[in-house]
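Residue numbers (the working numbering): 1146 to 1283. All C-beta atoms, glycine included, are put in the ideal place defined by N, C-alpha and C. Just so you know, these numbers come straight off a predicted model, no measurement behind them. These notes are about the structure you will find just below.
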């Protein structure tokens, strides 16, 4: 069984599951928080496969930054798909959607909006850190 299959099989009950060589890392945090938390804590995710409930452009760029190689998204945005293709990550998805919607269902996800005009993972990381800090201070 591949790491991606293991990640997909272990996604139930979690929002994200990352696997490499039989080792799995999980989270139940929502949105971009899990991958940002892994980056902030210095977890080395190079070569991991990921299964995620929702992957937009922001998550896709963070996966590239981390060195993740395979992605499964239950729901994938067109913007996220473009990033995965641009950087040559293997990917699978359940549902492809034009864009990721915010939790209220009223607009585009603020994280997807934040990185809309960049395809650079490092620039996206800084933009996302700033946006998350701004949202926390409200």
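Worksheet item: Is residue 1214 near residue 1194, with beta carbons less than 8 angstroms apart?
Response: Contact flag set, yes.
Fill in: Identity of the residues DSSP links to residue 1215 by a beta bridge
Looking at the DSSP output, residue 1215 sits in a beta bridge with 1194, 1235.
Practice prompt. Starting from residue 1185, trace the alpha helix (DSSP H) both ways and give me its first and last residue.
Written response: Unbroken alpha helix (DSSP H) run through residue 1185: 1178-1185.
Worksheet entry | For residue 1153 and residue 1255, the rounded distance between their alpha carbons | Each residue's alpha carbon lies about 26 angstroms from the other.
Discussion item. Taking the beta carbon of residue 1240 as the centre, do at least 16 other beta carbons fall within 10 Å, making it buried, or is it exposed?
Written reply: Under this definition residue 1240 is an exposed residue.
Practice prompt. Quick one: residues in its chain with C-beta nearer than 6 angstroms to the C-beta of residue 1148, no 5 flanking neighbours on either side, listed in chain order?
Written response: If we look at residue 1148 and ignore the five residues flanking it on each side, its Cβ neighbours are 1164, 1165, 1194.
Discussion item. Please return the same chain residues whose Cβ sits closer than 8 angstroms to the Cβ of residue 1263, not counting the five positions on each side in sequence.
Written reply: Excluding the 5 residues flanking it on each side, residue 1263 has same chain C-beta neighbours closer than 8 angstroms at 1206, 1269, 1272, in chain order.
Worksheet entry | For residue 1156, three-class secondary structure by DSSP | Coil at residue 1156, not helix or strand.
Worksheet item: If residue 1189 sits next to residue 1161, beta carbons under 8 angstroms apart, how far is it from one beta carbon to the other, in whole angstroms?
Response: Between residue 1189 and residue 1161 the beta-carbon gap is near 16 angstroms, outside 8 angstroms, which marks them as no contact.
Worksheet entry | residue 1253 - partner residues in DSSP beta bridges | Answer is 1246, bridged to residue 1253.
Practice prompt. Report the rounded CA-to-CA distance for residue 1234 versus residue 1225, giving the unit in angstroms.
Written response: Using only the alpha carbons, I get a separation of about 11 angstroms.
Item to complete: Would you mind working out which of 1172, 1283, 1257, 1201 sits nearest residue 1238, comparing C-alpha positions?
Response: Of the listed residues, the one whose Cα sits closest to residue 1238 is 1201.
Worksheet item: On the three-state DSSP scale, how would you describe residue 1143?
Response: In the structure displayed, the chain extends from 1146 to 1283; residue 1143 sits before or after that span and is not available.
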